[in-house]
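Novice:
There are 2 protein chains.
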Amino acid sequence: MPKIEFWCDLASPYSHLSAMRIDTLAAARDIAVDWHPFLLGPIFAEQGFKTSPFNLYPAKGAYLWRDLERLSARERAGFRRPEPFPQNSILAARVALALDAADRGRFIQGVFRVQFCDGQKIDDKAALGVLLDALSLPRTALEAAQSDAVKARLRAETDEAKARGIFGAPFFVTSDRELFWGNDRLVEALDWAIGRY
Amino acid sequence: MPKIEFWCDLASPYSHLSAMRIDTLAAARDIAVDWHPFLLGPIFAEQGFKTSPFNLYPAKGAYLWRDLERLSARERAGFRRPEPFPQNSILAARVALALDAADRGRFIQGVFRVQFCDGQKIDDKAALGVLLDALSLPRTALEAAQSDAVKARLRAETDEAKARGIFGAPFFVTSDRELFWGNDRLVEALDWAIGRY
Chain R
1000 MPKIEFWCDL ASPYSHLSAM RIDTLAAARD IAVDWHPFLL GPIFAEQGFK
1050 TSPFNLYPAK GAYLWRDLER LSARERAGFR RPEPFPQNSI LAARVALALD
1100 AADRGRFIQG VFRVQFCDGQ KIDDKAALGV LLDALSLPRT ALEAAQSDAV
1150 KARLRAETDE AKARGIFGAP FFVTSDRELF WGNDRLVEAL DWAIGRY
Chain A
1000 MPKIEFWCDL ASPYSHLSAM RIDTLAAARD IAVDWHPFLL GPIFAEQGFK
1050 TSPFNLYPAK GAYLWRDLER LSARERAGFR RPEPFPQNSI LAARVALALD
1100 AADRGRFIQG VFRVQFCDGQ KIDDKAALGV LLDALSLPRT ALEAAQSDAV
1150 KARLRAETDE AKARGIFGAP FFVTSDRELF WGNDRLVEAL DWAIGRY
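In order, the protein sequence lines correspond to chains R and A.
The first sequence runs 1000 to 1196 under this note's numbering.
The second sequence runs 1000 to 1196 under this note's numbering.
#1: Between the region 1011 to 1027 of chain R and the region 1106 to 1117 of chain R, do three or more beta carbon pairs fall short of 8 Å?
#2: Is G1194(A) buried or exposed, if buried means 16 or more other CB atoms sit within 10 Å of its CB?
#3: How many whole angstroms separate the CB atoms of L1141(R) and G1109(R), which I take to be in contact at a CB cut-off of 8 Å?
#4: Using only the alpha-carbon positions, how far apart do D1029(A) and M1000(A) sit?
#5: Starting from the beta carbon of D1183(R), find every residue of chain A whose beta carbon is closer than 7 Å, and list them in chain order.
#6: Within 10 Å of its beta-carbon, does E1068(R) have 16 or more other beta-carbons around it, so buried, or fewer, so exposed?
#7: State the beta-bridge partners of C1007(A) as determined by DSSP.
#8: Just to confirm before moving on: does the CB-CB distance between H1035(A) and W1064(A) stay below 8 Å?
#9: Excluding the 5 residues flanking R1152(R) on each side, which residues of the same chain have their C-beta closer than 6 Å to its C-beta?
#10: Just the C-alpha distance for D1132(A) and D1102(A), rounded to the nearest angstrom, thanks.
#11: Once DSSP output is grouped into helix, strand and coil, what is the label at A1151(A)?
#12: Given a limit of 7 Å on CB to CB distance, which residues of the region 1161 to 1183 of chain R reach chain A?
#13: Whether or not the region 1034 to 1051 of chain R and the region 1166 to 1175 of chain R are in contact is what I'm after, with contact meaning three or more pairs of Cβ atoms, one per stretch, closer than 8 Å; do they touch?
#14: Kindly indicate which residue of A1148(R), L1055(R), G1104(R), E1159(R) has the alpha-carbon position closest to the one of R1020(R).
#15: Which class does T1050(A) belong to by DSSP, given the choice of helix, strand or coil?
#16: As an exercise, report each continuous beta strand (DSSP E) stretch of at least 3 residues that is fully enclosed by the region 1041 to 1121 of chain A, in chain order.
#17: Consider the Cβ of T1046(R): report whether some Cβ of chain A lies at a distance smaller than 8 Å.
#18: Straight-line CA distance for T1173(A) to L1136(R)?
#19: Express the C-alpha separation of V1032(R) and L946(R) in angstroms, rounding to a whole number.
#20: Measuring straight from C-alpha to C-alpha, what distance separates A1126(R) and A1144(R)?
#21: Drop a sphere of 10 angstroms on the beta-carbon of A1027(R), count the other beta-carbons inside from all chains shown, and report buried for 16 or more, exposed for fewer.
#22: Going by the CB atoms, is the gap between I1107(R) and L1189(R) shorter than 8 Å?
Take a look at the structure:
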C-alpha cells in the first residue's frame, strides 16, 4: 500500500485544511497516511523569524487571513482566527506522539477543529483532556506527553523535518522522498504517490 | 465580459507557468486578461529582503527549483534555471508597458519563454529586439521603454501593486478586488471572477 507522510505543526491553519481532507482523498487512492506532528518554531528561528511570517509581514498576513476565510467557507469548515496566533502547539504535539500511531490522525484533526472552528486554546491540559475524552482516546496520553521519551521524540521529529528540507507546514512527503509544500499541493502529492502526477 | 488582472514580475518563474496557461483557461470562461508587469524588487526590499526568498532561504530555494522542474515537466514546458537568478527584469517590464495593451501579454509570454525555456538573459536590449521581431511587434517599443513616461508608468504600477497588498508574484486580482497569490491559484481566481468559486 503506498504511503504519504503528512508533516504538520499543530498551530498551522493551512495544515488544518489539509488534515480535514486528507483521509478521504488518500482512501480514494488506497494510500496510507503517516502523521508527523513537529514544531515549526525552531525551523522559523533558524531562518531568522521570531514569529510566524503571517505576523512578520502585514501584507502577507492580511492576504492569508482572507484566504483562509475564503477556503474555509468553500470547505464548509467554519473558521476562527486563533487569539493569540500562533497558538503554542508543543503540548498538543507531544500528546499526539504519546498516542498510538493509529489514533494520531484523529487526535490531530480534533486539535485543529477545536482551535480553528471553535476558537479554543490548545496549550491547555484540561482542554486537551476534554478532547481526548470526546474522541474516546486514553487520558493517560496527557501524562505520557510529559515524559522524557516523548519530549525527545518531538525534538527528533523536528530535527528530521529540518533534515528533509521542510521549512513550513503542511508538507507531504512520498516514499521516494518527493516534497510537496502547502495545502494547495495535497492532491498533487497523493497523485505522485500512486504515479499519476 | 469579466476581467482578471494578472500581476507579474518578468523574472518570476511561477509567473512563467501562469503566463503559459492563462490565455486558454481565461478564454474557456470568457474572461479578459489584463496584464500588469511590475517590479518585485522594491516590494521585497520593504520586507527586508535584499534578493529573492529563493536565494535567501536555502531549504526554500532547493524545494522551489525542484518544484519548478516537476511542474514544468508536467506542463511540457522545458525549464532552465536562469543564471543569474533573478534576472534584472526592469527593461523587459518597461518594453511591455511601452507596447499596446493588446500586445502586452504576447510579449510577456515571450520574455518568460526565452528566459525559462531557452536560458536567455532578459536585460539585454539586442535580445529583446530579436524577440520583438520574432513576435512581429514594433521595435520602436525599445526606445519608448527609455522614455520618462514609461519609466514613471512602471513606478506607478509597482506602487499600485504595493497599495493593493501584493507581496509576491504572480497575483491575480478580480474586479471585486479579491487577491489570489501564486500559480496554484490561477484556476480558483478565474472561477471566482465568474462566480463559480
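Glycine included, C-beta positions come from ideal geometry on N, C-alpha and C.
Fair warning: this is a prediction, and the values are worked out from it, not measured in the lab.
Specialist: Let me spell this out:
#1: yes
#2: exposed
#3: The Cβ separation is near 14 Å, so there is no contact.
#4: 7 Å
#5: D1183
#6: exposed
#7: P1036(A)
#8: no
#9: L1096
#10: 13 Å
#11: helix
#12: G1164, F1166, L1178, W1180, D1183
#13: yes
#14: G1104(R)
#15: coil
#16: none
#17: For the sequence presented, residue 1046(R) should be read as Gln rather than Thr. With 8 Å as the cut-off, Q1046(R) counts as an interface residue toward chain A.
#18: 46 Å
#19: For residue 946(R) there is no data in the structure shown, the boundaries of chain R being 1000 and 1196.
#20: 15 Å
#21: exposed
#22: no
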